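A.B. asks: This note's numbering applies: residue 99 is where the sequence shown begins, and numbers increase by one. The beta carbon of each residue, even a glycine, is placed where N, CA and C say it ideally should be. These figures come from a predicted structure and were not determined experimentally.
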Amino acid sequence: MDHKYFLREVVSRWDDHSQLDRLPGECDWNFKVSGGATGILKIMHEDCDRARVETQIAMLNHLAQVDNLPTPDVIPSLNGNNIECVETEGTKRLAWMISLLPGQTLASAAPIGLSLIRDIGLSLGRLHIALKDFSHPGLERTFKWDLTAADWFEPFVPKIQDPARIATVSRIFAAYKSSHQSFLKSLPRQAIHNDLNDHNILVTFGADGNSRVSGLIDFGDILYGPVLADVAIAGAYLILNCDDTVERLAAFLDGYQSVHPLTEKEIDAVWPLALTRLAASVTNAAVMKQEKPDDPYVVVTEGAAWQLLDHLDAFDESVIRLRLRQTRQEEAKARFAVVTAFLNQAKGDYPQVLGRDLKDAIPLDFSPSQSDVPSDPFRVSAAEMTLRVDEKIPPDGTGLGKYAEPRLIYTEPQFFRDTTRHSDRRTVHLGTDVFAPASTGVFVPLDGTVVFADWQAGELEYGGLVILEHQIPDSVVTFQTLYGHLSKRSVSDLAIGQSIRAGSEFAKLGEVDENGGWPPHLHLQVGIGMDGISNWPGVVFPEEVEMWKRVFPNPAALLNLDDDFICHSSPSTDNILKRRRNVTGPNLKTSYRDPIQMVRGWKQYLFDEQGRCYLDAYNNVPHVGHCHPDVVQAVSKQGALLSTNTRYLNEGLATYAEALVARVPDGLDTCFFVNSGSEANDLAVRLARQFTKAQDVLVSASGYHGITQTCIDISHYKFSGPGGGGQKEWVHVADVPDTYRGKHRGAGAGTAYVDDLKLKLDDLTARGRRLACFISEPFPSVGGQIVPPADYLAGVYKHVRNSGALTIADEVQTGLGRLGRYPWGFSHQEVVPDIVVLGKPIGNGYPIGVVITRREIAAAFATGMEFFSTFGGSTVACAAGLAVLAVLEKEQLADNAERVGAHILRGLKRLQASHPVIGDVRGVGLFLGVELTCPDDTPATEAAAYIVNRLRDHRILIGSDGPDNNVLKIRPPLCFSEDDATALLRTLEIILGEIPLKQLAESNNTV
Ligand SMILES: Cc1ncc(COP(=O)(O)O)c(C=O)c1O
99 MDHKYFLREV VSRWDDHSQL DRLPGECDWN FKVSGGATGI LKIMHEDCDR ARVETQIAML
159 NHLAQVDNLP TPDVIPSLNG NNIECVETEG TKRLAWMISL LPGQTLASAA PIGLSLIRDI
219 GLSLGRLHIA LKDFSHPGLE RTFKWDLTAA DWFEPFVPKI QDPARIATVS RIFAAYKSSH
279 QSFLKSLPRQ AIHNDLNDHN ILVTFGADGN SRVSGLIDFG DILYGPVLAD VAIAGAYLIL
339 NCDDTVERLA AFLDGYQSVH PLTEKEIDAV WPLALTRLAA SVTNAAVMKQ EKPDDPYVVV
399 TEGAAWQLLD HLDAFDESVI RLRLRQTRQE EAKARFAVVT AFLNQAKGDY PQVLGRDLKD
459 AIPLDFSPSQ SDVPSDPFRV SAAEMTLRVD EKIPPDGTGL GKYAEPRLIY TEPQFFRDTT
519 RHSDRRTVHL GTDVFAPAST GVFVPLDGTV VFADWQAGEL EYGGLVILEH QIPDSVVTFQ
579 TLYGHLSKRS VSDLAIGQSI RAGSEFAKLG EVDENGGWPP HLHLQVGIGM DGISNWPGVV
639 FPEEVEMWKR VFPNPAALLN LDDDFICHSS PSTDNILKRR RNVTGPNLKT SYRDPIQMVR
699 GWKQYLFDEQ GRCYLDAYNN VPHVGHCHPD VVQAVSKQGA LLSTNTRYLN EGLATYAEAL
759 VARVPDGLDT CFFVNSGSEA NDLAVRLARQ FTKAQDVLVS ASGYHGITQT CIDISHYKFS
819 GPGGGGQKEW VHVADVPDTY RGKHRGAGAG TAYVDDLKLK LDDLTARGRR LACFISEPFP
879 SVGGQIVPPA DYLAGVYKHV RNSGALTIAD EVQTGLGRLG RYPWGFSHQE VVPDIVVLGK
939 PIGNGYPIGV VITRREIAAA FATGMEFFST FGGSTVACAA GLAVLAVLEK EQLADNAERV
999 GAHILRGLKR LQASHPVIGD VRGVGLFLGV ELTCPDDTPA TEAAAYIVNR LRDHRILIGS
1059 DGPDNNVLKI RPPLCFSEDD ATALLRTLEI ILGEIPLKQL AESNNTV
């Protein structure tokens, strides 16, 4: 009997007309059946025991009774049998069919967010509840994947060969054997899945982009075991291939315990047992690689498991235990309530910790919205801190640093999740700081026992550190207090186990050179349930603050202060949004579906109120970098000296105008100063009209020039867009020279666009219209980050000038080095305009607009009416402008734009080759666009919105543009580095692989 014939024979037991597609699988054959019957046909390997299949069928039939549990149903054959036995050439194989569930395996799903992980926990919890009353003799089995017998693998560990890895796995098995195995065996048993790995969980992505569990499959490893084994096994696979390992495990346990609580002892065993499962898996892979070298399934998890096991040093088991315990939320809340109630009872009566009343202590605020410490948010110096503290507090005074305060002073690598600067970073301080002179005595506020006393050497460390334990009378609950930055002597004088009476002086504040280099202060933190843990997280990720506050409550009561007095508070983003909406017009928009509250900037990075860092790949106004110190200094210095207008003489204006004129081609020799790009464009049109005595303006389609009435009238993007008032009779529109989606494409497109424009001019002349000027962005930006064909503007300018009109280049987006080796957009096009308009980037955030033109044009404008702009060309504006030019030179930023822009362009082209949604990649220097298209070549607008918002989730800022909003716009501050570019490309690549994006790109529907 040949193979095909055999399969037909099998499937005919269910339906004759079905079609079969083989699915990947280890030893059994699985086929997707469609056409007639639909489902998964499972043909077991030759020596498969019938009882094993019967057990699975019984379990699935049991589970089928439970509403909404996403497990497959068993589909009986046409004969009414659950199992068919089919004979081929003397061997018998068992076949059975189950229903097909929607979705894809978790292993192939992306993105995997914490809400999905929580749903997986919930699904497993529900499965366990459903299986509680299921029993079957087939579940009583001896099996190598039984986690209560994982020591089965231990003799095979030497097969791993690598000595370091053998040591890691041996350590895990040793811990397992010495405690976790016996604990696991002591737990009650029930039916469990026993193999809920990422290939056995199916996931769907809904129309809202959210993912959820749609299937729990493959019940081949079921047995009687403790539910904890199932939890540890599922957990083991969830923590692979991710950088939020502990958060994932916590989310999984959160979901699980929302329906099926675990004990604290069980929670404590999850991490070591998950590691045990991974140790078993890699040991098994080492054995199987020798036995079946060509079988890819035997090593399917190996790489990812080693990735974690090889880096176990990065995990502090005690902190993980502490974190996972918080998933027993009710318990954690109850303990918190007991401790805080106890602490508050004696508030006001505690002996003063530094022997002085703190009610008049000077509050210090190091939050990112209030403090520029550290001036470089990636490098703190203790000296800078000392300086700032000394500025605020008199020599013998006392200061208070706040609890729950986000700070950017934690700049060491251990605070960052990865090596990128915009990485997740622990910023929120969960103790309080009491600043006072070195050697000030530290007094115990309540009776305690020393459980830890050590001196931590090194810059930015704690120096002397002591932890005391306190017992709440008539309760089993204990809590601890931690004192950091003590003198070295203080800790050497203390013995572990020593009791200290309330009010006794047990330590002194350390000197700067023995407390990690910090200004002298006490770090005081209260901890709940910290028994045996000396490595307290004093600073945590903003996303986890609320949870950690239950572990590290506000210590105010111990200082005889009210909680609010030392607790950081700042308005929430929602609150600000609401207030802003109440007092501003409804068309004042915010970026992103989830708006961001920005409070600080530094070079190409921005920080929100929690100190979360965003990589800015999009804002072009901070041309040389947000808050560049040289520009900030120039502005504040000039602001302190004099801020006034052009009616008084000041050298700054002459110097600045000379510097600008030196940067544009000869002939462009006269400057006008205003405050914005809009005003500059408005003025440019006035100049042209005055010079030509004509009125009409030729503009480029999709162009944008500003917000004044004239600018709206000449901005096709505005007057023809939503709410626009339509085209004025004096405005004429030429096509934007888009060679990808526009009317003319490929070679010769430039000439074709020029010819079209010439026809338009001829038509205007024929209709008796007189043109004053042609205004365009040499590189249309709102039009979709367009790079015009090389011969475009030269042809256009020639015909425009022949018609008697002037040419205006709106360089608000492109000037001053953004285009790398081309100083201006018009230089790329090898033309010289009659009027150049500059804006946004030239002031790096300070509002400046400049018009540069020829003397004869300026002369014609001098009709007798004075030209005066109150703030244009002010002393401070000129200082800002000059500082920007100086930084551009000093830091060679045009060269950087050229180099980094080329790096991004290459990376984008590489992504384009493997992602069909990328239709076009274009750009010059750091003016870049990525046009997204659907398979039918229509603009992929929703895909662009998805990418922009997902990049924002990864804290990378870009925008989208183009008439169809399907062009990703990348135009960062010019200091954007190659590392930033690599991070941007890497993240973009991850997002391009996400399922919702693929669904969107295919349908162009909203998720
Ligand atoms: C090309 C171009 N011109 C002019 C303006 C207007 O500048 P401002 O907003 O400073 O008035 C903009 C602003 O986005 C612009 O992109």
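Between which two residues does the alpha helix (DSSP H) harbouring W404 extend?
C.D. replies: E400 to L407 is the span of the alpha helix (DSSP H), which, as asked, contains W404.
A.B. asks: Does the Cβ-Cβ distance between L326 and E364 come in under 7 Å?
C.D. replies: Yes. Within cutoff.
A.B. asks: Considering only DSSP beta bridges, list what P461 is partnered with.
C.D. replies: In DSSP, P461 forms a bridge with L498.
A.B. asks: Using a Cβ-Cβ cut-off of 7 Å, state whether A555 counts as contacting chain C.
C.D. replies: Judged by its chain identifiers, the structure shown contains no chain C, having just a single protein chain.
A.B. asks: Find out if the Cβ-Cβ distance for the pair H291, D231 is shorter than 7 Å.
C.D. replies: Cβ atoms of H291 and D231: not closer than 7 Å.
A.B. asks: Specify which residues have a beta carbon nearer than 5 Å to any heavy atom of ligand 1, listing them in chain order.
C.D. replies: Taking each Cβ in turn, the ones that pass are S774, G775, S776, H803, G804, E875, D908, V910, Q911 and G937.
A.B. asks: Identify every run of the alpha helix (DSSP H) within the stretch 307-392, keeping only runs that are complete inside it and at least 4 residues long; order them along the chain.
C.D. replies: Those alpha helix (DSSP H) runs which fall completely within the stretch 307-392 and span 4+ residues are 325-336, 343-355 and 362-389.
A.B. asks: Label L740 either buried or exposed according to how many other C-beta atoms from any shown protein chain fall within 10 Å of its C-beta, with 16 as the threshold for buried.
C.D. replies: Exposed is the call here.
A.B. asks: Assuming L1049 is part of the alpha helix (DSSP H), what are its boundary residues?
C.D. replies: L1049 -> alpha helix (DSSP H) spans T1039 to D1051.
A.B. asks: Terminal residues of the continuous beta strand (DSSP E) containing A551?
C.D. replies: Element bounds for A551: G546 to Q554.
A.B. asks: Going by C-alpha to C-alpha distance, which of A977, I933 and F705 sits closest to D728?
C.D. replies: The candidate whose alpha carbon is nearest that of D728 is A977.
A.B. asks: Within 10 angstroms of its Cβ, does H721 collect 16 or more other Cβ (buried), or is it exposed?
C.D. replies: Answer is buried; the Cβ neighbour count reaches 16.
A.B. asks: For G627, count neighbouring C-beta atoms within 10 Å of its own C-beta (all shown protein chains included) and say buried if the count is 16 or more, exposed if not.
C.D. replies: Label assigned to G627: buried.
A.B. asks: Assuming N658 contacts G446 (C-beta within less than 8 Å), just tell me the rounded distance between them.
C.D. replies: Contact flag correct, Cβ pair sits at about 5 Å.
A.B. asks: Got a sec, what are the start and stop residues for the beta strand (DSSP E) T186 sits in?
C.D. replies: Looking at the DSSP string, the run of the beta strand (DSSP E) that includes T186 is I181 to T186.
A.B. asks: So who's on the other strand from W127, going by DSSP bridges?
C.D. replies: DSSP output for W127 lists I141 as bridge partner(s).
A.B. asks: Taking the C-alpha atoms as reference points, what is the distance between D860 and A738?
C.D. replies: Rounded to the nearest angstrom, the two C-alpha atoms are 56 Å apart.
A.B. asks: Give me the Cβ distance between F513 and R524, rounded to the nearest whole Å; I'm assuming they're in contact under 8 Å.
C.D. replies: That pair is a contact at about 5 Å.
A.B. asks: Do A782 and I1016 have their beta-carbon atoms positioned less than 7 Å apart in this structure?
C.D. replies: Contact: no.
A.B. asks: Does the separation of the CB atoms of H527 and V649 fall below 7 Å?
C.D. replies: No, they are not a contact pair.
A.B. asks: Can we say the stretch 204-221 touches the stretch 291-309, given the rule of at least three CB pairs closer than 8 Å?
C.D. replies: Short answer: they touch.
A.B. asks: Would you kindly work out how many angstroms separate the C-alpha atoms of F541 and D660, rounded to a whole number?
C.D. replies: Approximately 19 Å, taken between the alpha carbons.
A.B. asks: Tell me the start and end of each unbroken beta strand (DSSP E) in the stretch 668-731 that is at least 3 residues and wholly inside, in chain order.
C.D. replies: Listed in chain order, they are 696-700, 703-706 and 711-714.
A.B. asks: Terminal residues of the continuous alpha helix (DSSP H) containing C809?
C.D. replies: Where C809 is concerned, the enclosing alpha helix (DSSP H) stretches over Q807 to I812.
A.B. asks: Which residues bound the alpha helix (DSSP H) around G785?
C.D. replies: Rather than Gly, the amino acid found at residue 785 in this sequence is Leu. From DSSP, the alpha helix (DSSP H) with L785 extends over G775 to T790.
A.B. asks: Count the other CB atoms, across all protein chains shown, that sit within 10 Å of the CB of P939; report buried if there are 16 or more and exposed otherwise.
C.D. replies: Per the 10 Å Cβ criterion, buried.
A.B. asks: Express the C-alpha separation of G188 and M99 in angstroms, rounding to a whole number.
C.D. replies: Summary for M99: the model assigns pLDDT 44, below 50, so the residue's position carries little reliability, and this model does not support an answer.
A.B. asks: So within the stretch 844-873, which uninterrupted alpha helix (DSSP H) runs reach at least 4 residues, ignoring any that extend past its ends?
C.D. replies: The stretch 844-873 contains these whole alpha helix (DSSP H) runs: 847-864.
A.B. asks: Just to confirm my understanding: we take T246, look at its own chain, exclude 5 residues before and 5 after, and list those with CB closer than 8 Å. What are they?
C.D. replies: Cβ within range, chain order: Q279, L282, K283, G323, P324 and A327.
A.B. asks: Residue ranges of each alpha helix (DSSP H) run of no fewer than 4 residues wholly in the stretch 528-605, ordered along the chain?
C.D. replies: Whole alpha helix (DSSP H) segments, 4+ residues: 586-590.
A.B. asks: Going along the chain, which residues of its own chain have a beta-carbon closer than 6 Å to the beta-carbon of G133, five neighbours each way excluded?
C.D. replies: Around G133: H115, S116 and Q117.
A.B. asks: Check this for me: beta carbons of G595 and H568, under 7 Å apart or not?
C.D. replies: Taking 7 Å as the Cβ cut-off, G595 and H568 do not qualify as a contacting pair.
A.B. asks: If we ignore side chains and look at the alpha-carbon of each, how far apart do K988 and V1019 end up?
C.D. replies: For K988 and V1019, the distance between alpha carbons rounds to 31 Å.
A.B. asks: Drop a sphere of 10 angstroms on the beta-carbon of D392, count the other beta-carbons inside from all chains shown, and report buried for 16 or more, exposed for fewer.
C.D. replies: Looking at its Cβ environment, which holds fewer than 16 other Cβ atoms inside 10 Å, D392 is exposed.
A.B. asks: Alpha carbon to alpha carbon, how far is Q163 from D516?
C.D. replies: Rounded to whole angstroms, Q163 to D516 spans 46 Å at the Cα level.
A.B. asks: Unbroken beta strand (DSSP E) runs of length 3 or more, entirely within the stretch 860-941: which are they?
C.D. replies: DSSP runs (the beta strand (DSSP E)) wholly in the stretch 860-941: 869-874, 904-908 and 933-936.
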